[in-house]
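J.:
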Amino acid sequence: MKRLSWPGRMPVDPYILLLLGTVGLAALFPARGTAADVASGASTAAIAFLFFLYGARLSTREAINGLKHWRLHVTVLVCTFVVFPLLGLAARGLVPVLLTDPLYQGLLFLTLVPSTIQSSIAFTSIARGNVPAAICAGSFSSLVGIVVTPLLAAALLGGSGGFSADSVVEIVLQLLVPFVAGQLLRRWIGAFVTRHQKVLGLVDRGSILLVVYTAFSEGMNRGIWHQIGAVPLAGLLGVEAVLLAVMLTLTWYGGKALRFDRGDRIAIQFAGSKKSLASGLPMASVLFGAHASLAVLPLMLFHQMQLMVCAVIAKRRARDPLDPTGEQAESRSPAAA
2 MKRLSWPGRM
12 PVDPYILLLL
22 GTVGLAALFP
32 ARGTAADVAS
42 GASTAAIAFL
52 FFLYGARLST
62 REAINGLKHW
72 RLHVTVLVCT
82 FVVFPLLGLA
92 ARGLVPVLLT
102 DPLYQGLLFL
112 TLVPSTIQSS
122 IAFTSIARGN
132 VPAAICAGSF
142 SSLVGIVVTP
152 LLAAALLGGS
162 GGFSADSVVE
172 IVLQLLVPFV
182 AGQLLRRWIG
192 AFVTRHQKVL
202 GLVDRGSILL
212 VVYTAFSEGM
222 NRGIWHQIGA
232 VPLAGLLGVE
242 AVLLAVMLTL
252 TWYGGKALRF
262 DRGDRIAIQF
272 AGSKKSLASG
282 LPMASVLFGA
292 HASLAVLPLM
302 LFHQMQLMVC
312 AVIAKRRARD
322 PLDPTGEQAE
332 SRSPAAA
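Numbering (our numbering), first residue to last: 2 to 338.
Structure follows, in C-alpha cells:
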C-alpha cells in the first residue's frame with residue numbers, strides 16, 4: 002500500500018506517467034502483424050492472471066464479515082452502477098456540442114465500470130475513515146462489475162461496440178473464472194500472495210500497461226486518432242470534472258441523509274465516486290475491439306483526475322478538528338475540495 006503516502010500537494014501518479022509513456026510507445030512503434038497477435042494473446046493471459054491474483058488476495062472470511070455492513074455496500078453499488086450510468090446517459094445531450102460521439106461512448110462506458118479497490122482504501126485510510134468498509138465495498142464492486150458492467154454496456158451502448166452474448170461470456174471467462182479459481186486456491190497460495198504483494202503488484206501494473214499498449218497499437222493501425230481534435234478533448238475534460246464533482250457531492254451528502262457516521266461517509270465518498278482503470282481496460286478491449294483505444298481514453302483521464310482531487314480531499318479530511326466526543330468533526334465544505 003505505497004499509496005498511503007501519496008497526498009502532499011496535487012500528485013501526478015507515476016503510474017499515469019507510465020501509462021502515457023505506453024501510449025506514446027504505441028504511437029511510435031505500434032504492434033503489427035504477428036507482433037500484434039502475440040501482444041493481444043499476452044494481454045489476455047496477463048489480465049486473466051491479474052484477476053486470479055485478485056481472487057487469491059481477497060479473504061473469503063473478510064468478505065462474509067463485510068456483508069454485515071450491507072447498507073454501506075448497497076449505497077456504494079447504487080452510486081457505481083445506477084447513479085453514475087444515469088449521469089452518463091444525461092451527458093448524451095452534450096453531443097455534438099462538447100463531445101464527439103466516439104468520446105461520448107467512452108464516457109458512458111466509464112460510468113459503467115466498477116469502483117477501485119487500492120486507491121479507495123488508501124484515501125479512506127488517510128482521511129481516517131472506515132478502512133474495513135472501504136476494503137469490502139471496493140472488492141464487492143469489482144466482483145459485481147465483472148458481470149454487471151458488460152450487461153449494462155450491452156443494454157446502454159447497444160451496437161456501438163462489439164456487444165453480444167459472446168462478449169459477455171468472454172469477459173466472464175477472462176475475468177470471473179480466474180477470480181473464482183483464485184478464491185478456491187486461496188487456502189494454499191494465499192499466504193504466498195500476501196508475502197509477495199510488492200512483486201505481484203508489478204504484475205498488476207504490467208498487465209494494465211500491456212493492455213493499453215495493445216489497444217492503442219490497434220487504434221494507430223486503424224488511424225482512429227485522427228478523429229480526435231483539441232476542442233472535443235477539452236470538452237471531455239470539462240465534462241469529466243463536472244461528473245466527478247457531482248459524484249463527490251452526492252456521495253458525501255447522500256451518506257449524511259442516510260445517517261451514516263463520518264467514517265462510513267468517507268468510505269462511501271471515496272468508493273462511490275471512483276472508477277477502476279484495472280477493471281475497465283480489459284473489459285473495453287473485449288467489448289470495443291478495434292475501437293478500444295478511444296473507449297478507454299475517457300477512463301484514463303478520469304482516473305488521473307480522481308486521484309488528484311481525492312488526494313486533496315483526503316488530506317483535508319485528515320485535518321478535521323476533534324469534536325467534544327473525541328470524534329473528528331466534518332469539514333465545512335461539501336466535498337472538501
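We put the CB at the ideal spot given by N, CA and C, even for glycine.
Below 6 Å CB to CB, which residues in the same chain sit around Thr112 once its five sequence neighbours on both sides are set aside?
T.: As a position in the sequence shown, residue 112 is number 111, starting the count at 1. Taken in chain order, the residues that qualify are Phe85, Pro86 and Gly89.
J.: So does the stretch 246 to 260 actually touch the stretch 89 to 98, counting three or more Cβ pairs closer than 8 Å?
T.: Touching, no, given that fewer than three Cβ pairs across the two stretches are closer than 8 Å.
J.: Would Gly107 pass as a contact of Pro322 if the rule is Cβ separation under 8 Å?
T.: Numbered from 1 along the sequence shown, position 106 holds the residue referred to as residue 107. Numbered from 1 along the sequence shown, position 321 holds the residue referred to as residue 322. No, these two residues do not count as a Cβ contact at 8 Å.
J.: Whether or not the stretch 114 to 123 and the stretch 254 to 263 are in contact is what I'm after, with contact meaning three or more pairs of Cβ atoms, one per stretch, closer than 8 Å; do they touch?
T.: No, they do not touch.
J.: Which residue from Ile127, Phe82, Arg318 and Ile17 puts its Cα closest to that of Val145?
T.: Residue 145 sits at position 144 when you count from the first residue of the sequence shown. Among Ile127, Phe82, Arg318 and Ile17, the Cα nearest to that of Val145 is on Phe82.
J.: Whole angstroms are fine: how far does the CA of His304 sit from the CA of Ser277?
T.: Start at 1 with the first residue of the sequence shown, and residue 277 comes out as number 276. Start at 1 with the first residue of the sequence shown, and residue 304 comes out as number 303. Looking at the two C-alpha atoms, the distance is approximately 7 Å.
J.: Assign Thr23 to buried or exposed, taking buried as 16 or more other Cβ atoms, counted over all protein chains shown, within 10 Å of its Cβ.
T.: Stepping through the sequence shown from its first residue, residue 23 is reached at position 22. By the 10 Å Cβ count, Thr23 comes out buried.
J.: Measure the alpha-carbon distance for Arg266 versus His70 and round it to whole angstroms.
T.: Here residue 266 refers to the residue found at position 265 of the sequence shown. Here residue 70 refers to the residue found at position 69 of the sequence shown. So the two alpha carbons sit approximately 13 Å from each other.
J.: Given Pro31, which residues of its chain have a CB within under 6 Å of its CB, disregarding the five upstream and five downstream residues?
T.: As a first step, residue 31 is located in the sequence shown; it is residue number 30 there, counting from the start. If we look at Pro31 and ignore the five residues flanking it on each side, its Cβ neighbours are Ser218, Met221 and Asn222.
J.: Tell me which residue opens and which closes the alpha helix (DSSP H) that Cys137 is part of.
T.: If you number the sequence shown from 1, residue 137 lands on position 136. Unbroken alpha helix (DSSP H) run through Cys137: Val132 to Leu158.
J.: How should Val170 be labelled, buried or exposed, when 16 other C-beta atoms within 10 angstroms of its C-beta is the threshold for buried?
T.: By one-based count along the sequence shown, residue 170 stands at place 169. Counting Cβ neighbours within 10 Å, Val170 comes out exposed, since fewer than 16 surround it.
J.: For Gly130, collect the residues of the same chain with a Cβ closer than 7 Å to its Cβ; drop the 5 residues on either side in sequence, then sort them by chain order.
T.: For the purposes of this step, residue 130 is taken as the residue at position 129 of the sequence shown. Gly264, Ile267 and Ala268, listed in sequence order.
J.: Specify, as a first and last residue, the run of the alpha helix (DSSP H) that Asp265 falls within.
T.: Reading the sequence shown from its first residue, position 264 is the one you call residue 265. Arg263 to Gly273 is the span of the alpha helix (DSSP H), which, as asked, contains Asp265.
J.: Please classify Leu203: is it buried, with 16 or more other beta-carbons within 10 angstroms of its beta-carbon, or exposed?
T.: Residue 203 sits at position 202 when you count from the first residue of the sequence shown. Label assigned to Leu203: exposed.
J.: Quick one: what does DSSP say Thr326 is sitting in, helix, strand or coil?
T.: Mapped onto the sequence shown, residue 326 falls at position 325. Unreliable positioning characterises Thr326 in this predicted model, as indicated by a pLDDT of 46, which lies under 50. The coordinate reading is nonetheless provided below. Coil, per DSSP.
J.: For Gly42, count the other beta carbons within 10 Å of its own beta carbon; 16 or more makes it buried, fewer makes it exposed. Which is it?
T.: Translated into positions along the sequence shown, residue 42 becomes position 41. Under this definition Gly42 is an exposed residue.
J.: Rounding to the nearest angstrom, what Cα-Cα distance links His74 and Ala138 in this structure?
T.: Against the sequence shown, residue 74 aligns to sequence position 73. Against the sequence shown, residue 138 aligns to sequence position 137. Roughly 5 Å separates the two Cα atoms.
J.: Would DSSP call Leu203 helix, strand or coil?
T.: By 1-based counting over the sequence shown, the position of residue 203 is 202. If DSSP states are grouped into helix, strand and coil, Leu203 belongs with the helices.
J.: What's the call for Gly327, buried or exposed, on a 16-neighbour Cβ count within 10 Å?
T.: By 1-based counting over the sequence shown, the position of residue 327 is 326. Low per-residue confidence applies at Gly327: pLDDT is 42, beneath 50, and the placement is therefore not dependable enough to give any value.
J.: Is Asp102 helix, strand or coil by DSSP?
T.: Working through the sequence shown from its first residue, we reach residue 102 at position 101. Three-state result, Asp102: helix.
J.: Return the first residue and the last residue of the alpha helix (DSSP H) that Phe85 is part of.
T.: By 1-based counting over the sequence shown, the position of residue 85 is 84. First-last of the alpha helix (DSSP H) with Phe85: Phe85 to Ala91.
J.: DSSP state of Gly255, grouped into three classes?
T.: Here residue 255 refers to the residue found at position 254 of the sequence shown. Helix at Gly255.
J.: What first and last residue would you give for the alpha helix (DSSP H) that runs through Gln175?
T.: Working through the sequence shown from its first residue, we reach residue 175 at position 174. No alpha helix (DSSP H) contains Gln175, which DSSP labels as neither H nor E.
J.: Comparing C-alpha positions only, which one of Ile190, Ile147, Arg188 and Pro133 sits nearest to Leu174?
T.: If you number the sequence shown from 1, residue 174 lands on position 173. Closest by alpha carbon: Ile147.
J.: Is it true that the CB of Val213 sits closer than 8 Å to the CB of Leu20?
T.: Taking the first residue of the sequence shown as position 1, residue 20 is located at position 19. Taking the first residue of the sequence shown as position 1, residue 213 is located at position 212. Contact flag set, yes.
J.: For a quick check, are the C-beta atoms of Phe53 and Gly191 less than 8 Å apart?
T.: Start at 1 with the first residue of the sequence shown, and residue 53 comes out as number 52. Start at 1 with the first residue of the sequence shown, and residue 191 comes out as number 190. Their beta carbons are not under 8 Å apart, which means Phe53 does not touch Gly191 by this criterion.
J.: Please state whether DSSP places Val212 in a helix, a strand or coil.
T.: In the sequence shown, residue 212 corresponds to position 211, counting from 1. Here Val212 sits in helix by DSSP.
J.: DSSP on Thr45, reduced to helix/strand/coil?
T.: The residue given as residue 45 occupies position 44 in the sequence shown. Thr45: helix per DSSP, three-state reduction.
J.: Taking the Cβ atom as the reference point for each residue, do Ala51 and Ala154 lie within a distance shorter than 8 Å?
T.: In the sequence shown, counting from the first residue as 1, residue 51 sits at position 50. In the sequence shown, counting from the first residue as 1, residue 154 sits at position 153. Note on residue identity: the sequence assigns Leu, not Ala, to residue 51. No.
J.: For Pro233, tell me which candidate among Leu18, Tyr105 and Val132 has the shortest Cα-Cα distance.
T.: Counting from one through the sequence shown, the residue named residue 233 turns up at place 232. Comparing Cα-Cα distances from Pro233 to each of Leu18, Tyr105 and Val132, the minimum goes to Tyr105.
J.: Determine the direct distance from the alpha carbon of Ser121 to that of Thr252, and round the result to whole angstroms.
T.: Taking the first residue of the sequence shown as 1, we reach residue 252 at position 251. Taking the first residue of the sequence shown as 1, we reach residue 121 at position 120. About 13 Å.
J.: Identify, in the order they occur along the chain, each residue of the same chain with its Cβ nearer than 6 Å to the Cβ of Ala315, setting aside the five sequence neighbours on each side.
T.: Translated into the one-based positions of the sequence shown, residue 315 becomes position 314. The residues are Pro8, Phe124, Ile127 and Ala128.
J.: Look up Lys316 in the DSSP assignment and say whether it is helix, strand or coil.
T.: On the sequence shown, residue 316 is found 315 positions in, with the first residue counted as 1. Correct three-state label for Lys316: helix.
J.: May I ask whether a heavy atom of the ligand ATP can be found less than 7 Å away from the beta carbon of Ala27?
T.: The model depicted lacks the ligand ATP and carries no ligand whatsoever.
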